[in-house]
Amino acid sequence: MIFASFASEPPSLELSLGPTMIGYFDRVFNGRPLEILGYSRQRIPCNWKLIFENIKDPYHASTLHVFLVTFGLFRADTPAAVKMDPSGAHSVLISSKRDAVSAAETAELATFRKDLSLNEPELVQPIDEFDDPHTAVMQTIWPNLIVQQQVNTLATRHIVPRGPGQADLLWTFFGYAGEDPVLRRRRLLQANLMGPAGLVSVDDGEVLQQTQDGASAYPEANYLVEMGGRDLADADHMVTEVAIRAFYQHYREVMDL
Amino acid sequence: MSELRDEIEELYARYAELLDDDCDLDGWLDLFLDDTRYELISRENFQLNLPVGLIICENKGMLKDRLFAMRELMLATPRWTRRVIGNLRVRAMQGDEVHVRAGYIIAQGLRAEPLALFSAGEFRDILTRGDDGNLRFRHKLTIYDHDLIANSVVKPL
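Protein chains in written order, with our numbering: chain A, 13 to 269; chain B, 906 to 1062.
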């Protein structure tokens, strides 16, 4: 992984990310040699910041991504955390396996679609590979990089703005060199959830386009939808937009707004 | 040979018609064998021999899962498609397998927007006969030429 900067004396990655964020970064990039598994490229007709917002907003997953909810990968009460660096520029969304008690509650709640099952259930079943119970860790690194572990998919998503109304999202899927073929197959299987045709990610691309269409229809107007207060503190749940607020605070500072 | 060619052309015409019509996707699924493999992969990944595709289905069950998700679970703006499949060529016959290559172009329309070219690429498919004697897809490999996707691929190509 190579970062480049136009600054004559850029700060080190450790300094730039801060101690919390570098921890999550190193969780995936832990020195094991990586192996590229493939690329996907999509042009999303929306402002680049919306793509970043999408990955800083944990709440939408429980309402938008019906696939995840239907097949038990995610709910709003999934044990979760939102963490930021002190500047608010970088953030990470973490969701973890539910404990046994809430899994029972889930079984009760999920009955309305219990008739549904996947022909290939491994599509949503994780193989444990990290020393923690996190099933998804989505890290946004200022200004335009996303590092994702979602179930067993590992990928970076690089946002390249193409003017104010569209941006390219460049996905790089990877695994570790020499890893267990069973884990490798699972990564490739679960790549079906991600990217321009992803069973989950299609929702994002489509809704981002709709959001941009909605906003650009009224160029003379400003609108603001707020959820859950105005503070910028880390949260231990998913019903928060604090990482988006922190991002815009940093953005306004950098852009002198 | 020309009877076989007629059969192959009919299969691809059905494939295009059923996907574009949108009303009988189960009929589309019937064009695949149970142990089929469906892959949609960029020219870039294909050339670099990288395994990630936009869609990789290891069997018909996974393809079924995808169609279900597409119809019931995905949020996607309604769109129409029209595909033209041509340049059909039988490349090889191996045992009961017919290796076919073809080119495709897909146009797409979104809401009130004008027509746009959505995808172009090639099929490198393997066909065999199902129990009823009809040709079906054993391996459907679609390689799209353009790497960059106009937002989303909702329907299989």
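Positions of the beta carbon are idealized from the N, C-alpha and C atoms, including for glycine. Treat the numbers as computed from the prediction; the structure is a model and nothing was measured.
Kindly give me the distance between the Cβ atoms of residue i and residue j, rounded to whole angstroms, as I take these residues to be in contact under 8 Å.
i, j, result
"residue 1059 of chain B", "residue 975 of chain B", "6 Å"
"residue 186 of chain A", "residue 49 of chain A", "6 Å"
"residue 1033 of chain B", "residue 938 of chain B", "7 Å"
"residue 993 of chain B", "residue 914 of chain B", "6 Å"
"residue 189 of chain A", "residue 31 of chain A", "In fact, because the Cβ distance is near 28 Å, the residues do not count as touching under 8 Å."
"residue 1028 of chain B", "residue 1013 of chain B", "Wrong, their Cβ atoms sit about 18 Å apart, outside the cutoff."
"residue 92 of chain A", "residue 239 of chain A", "Actually they are not in contact, since the Cβ atoms of residue 92 of chain A and residue 239 of chain A sit about 15 Å apart, beyond 8 Å."
"residue 208 of chain A", "residue 1054 of chain B", "4 Å"
Would DSSP call residue i helix, strand or coil?
i, result
"residue 86 of chain A", "coil"
"residue 245 of chain A", "coil"
"residue 123 of chain A", "Note that residue 123 of chain A scores 43 on pLDDT, short of 50, meaning its location in the model is unreliable; the coordinates nonetheless yield the value given after this. DSSP places residue 123 of chain A in helix when its eight states are reduced to three."
"residue 215 of chain A", "helix"
"residue 60 of chain A", "helix"
"residue 173 of chain A", "strand"
"residue 11 of chain A", "Nothing about residue 11 of chain A can be read from this structure; chain A reaches only from 13 to 269."
"residue 95 of chain A", "strand"
"residue 965 of chain B", "helix"
"residue 183 of chain A", "strand"
"residue 223 of chain A", "helix"
"residue 947 of chain B", "strand"
"residue 190 of chain A", "coil"
"residue 1030 of chain B", "strand"
"residue 911 of chain B", "helix"
"residue 1041 of chain B", "strand"
"residue 1055 of chain B", "strand"
"residue 32 of chain A", "helix"
"residue 106 of chain A", "strand"
"residue 240 of chain A", "coil"
"residue 975 of chain B", "helix"
"residue 920 of chain B", "helix"
"residue 128 of chain A", "coil"
"residue 927 of chain B", "coil"
Relative to the alpha-carbon of residue i, which residue among the options has its alpha-carbon at the smallest distance?
i, options, result
"residue 918 of chain B", "B/1055, B/1031, B/1013, B/936", "B/936"
"residue 79 of chain A", "A/205, A/31, A/200, A/134", "A/205"
"residue 933 of chain B", "B/909, B/910, B/955, B/973", "B/973"
"residue 216 of chain A", "A/242, A/73, A/233, A/86", "A/73"
"residue 1045 of chain B", "B/1061, B/1052, B/1055", "B/1061"
"residue 89 of chain A", "A/63, A/27, A/107", "A/107"
"residue 169 of chain A", "A/20, A/33, A/26, A/60", "A/60"
"residue 225 of chain A", "B/996, B/1013, B/960, B/1018", "B/1018"
"residue 246 of chain A", "A/257, A/25, A/236, A/203", "A/257"
"residue 165 of chain A", "A/195, A/143, A/171", "A/195"
"residue 942 of chain B", "B/1054, B/984, B/966, B/1006", "B/966"
"residue 128 of chain A", "B/970, B/980, B/909", "B/970"
"residue 931 of chain B", "B/908, B/968, B/982, B/1005", "B/968"
With a CB to CB cut of under 8 Å and the five nearest residues on each side skipped, what residues in its chain are close to residue i?
i, result
"residue 113 of chain A", "Residue placement at residue 113 of chain A is flagged as unreliable, the pLDDT there being 48, under the threshold of 50; a coordinate-derived value is accordingly withheld."
"residue 223 of chain A", "58, 62"
Apart from the five residues just before and just after residue i, which ones in its own chain have a Cβ nearer than 7 Å to its Cβ?
i, result
"residue 99 of chain A", "262"
"residue 940 of chain B", "964"
"residue 133 of chain A", "none"
"residue 19 of chain A", "none"
"residue 957 of chain B", "950"
In chain order, what residues of the same chain have a beta carbon less than 6 Å from the beta carbon of residue i, not counting five sequence neighbours either side?
i, result
"residue 103 of chain A", "68, 96, 152, 255"
"residue 1002 of chain B", "1031, 1033"
"residue 921 of chain B", "988, 990"
"residue 916 of chain B", "1040"
Across the stretch 169-182 of chain A and the stretch 44-61 of chain A, are there enough close Cβ pairs to call them in contact, namely three or more that are closer than 8 Å? yes
Counting pairs of beta carbons, one from the stretch 946-962 of chain B and one from the stretch 34-44 of chain A, are three or more of them closer than 8 Å? no
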